[in-house]
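Before any comments, here is the structure.
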Amino acid sequence: MSTNALWALQKAIQAALEADPALGAYLGNPARLYDDVPPQPQFPFVTWDRARLVPVRADHAGALEHRLTLKIWSRYGGRRESLEILQAVRAVLDDATLVLDGHKLVSLSTIFADVFRIRSSHIFEAILTVRAVTEPTP
Numbered sequence: 040m041s042t043n044a045l046w047a048l049q050k051a052i053q054a055a056l057e058a059d060p061a062l063g064a065y066l067g068n069p070a071r072l073y074d075d076v077p078p079q080p081q082f083p084f085v086t087w088d089r090a091r092l093v094p095v096r097a098d099h100a101g102a103l104e105h106r107l108t109l110k111i112w113s114r115y116g117g118r119r120e121s122l123e124i125l126q127a128v129r130a131v132l133d134d135a136t137l138v139l140d141g142h143k144l145v146s147l148s149t150i151f152a153d154v155f156r157i158r159s160s161h162i163f164e165a166i167l168t169v170r171a172v173t174e175p176t177p
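Sequential numbering from 40 applies to the sequence shown in my numbering.
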């Protein structure tokens, strides 16, 4: 199983999110979209979380199903900002056409979203899981 496909997909998603002006209005420039959160992050920001990779039984050898989770963190009074950022991320990713290094993106869609307050705090967290299928290119 190739983790190169996973890394290629993450890089392509990161680039698409960073290039989106609607997200830039929330996340700044450069976008606060972290694989490793800095010690004192400025809110709101988005983090990479879980990544799951499973072979797909398909006509194309090497086809992989990816499930990637992004988390949105906000200190805005209420859940509004989290929901707006979540919607902006979904707008960028649902059925996106992304170019991946050494792989072809077959499909990409969001499959799960949840927004909630972190207990005993003023921080809201939104969780978004996307499903993608990739194939290696010759």
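Where is the CB? At the ideal position from N, CA and C, for every residue including glycine. Model, not experiment: these values are computed from the prediction.
Buried or exposed by the 16-neighbour rule on C-beta atoms within 10 Å, applied to residue i
i, result
"residue 158", "exposed"
"residue 93", "exposed"
"residue 146", "exposed"
"residue 114", "exposed"
"residue 111", "buried"
"residue 142", "buried"
"residue 130", "exposed"
Distance between residue j and residue i (C-alpha atoms, nearest Å)
i, j, result
"residue 88", "residue 59", "21 Å"
"residue 120", "residue 91", "27 Å"
"residue 72", "residue 101", "29 Å"
Nearest-angstrom beta carbon gap, residue j and residue i [assumed within contact, 8 Å]
i, j, result
"residue 107", "residue 165", "Contact doesn't hold; Cβ gap of about 15 Å is too wide."
"residue 167", "residue 137", "Going by Cβ atoms, the distance from residue 167 to residue 137 rounds to 16 Å, so no, they are not a contact pair."
"residue 173", "residue 105", "7 Å"
heavy atom of the ligand GDP below 7 Å from residue i C-beta
i, result
"residue 74", "By its list of ligands, the structure shown contains no ligand whatsoever, and the ligand GDP lies outside what it can speak to."
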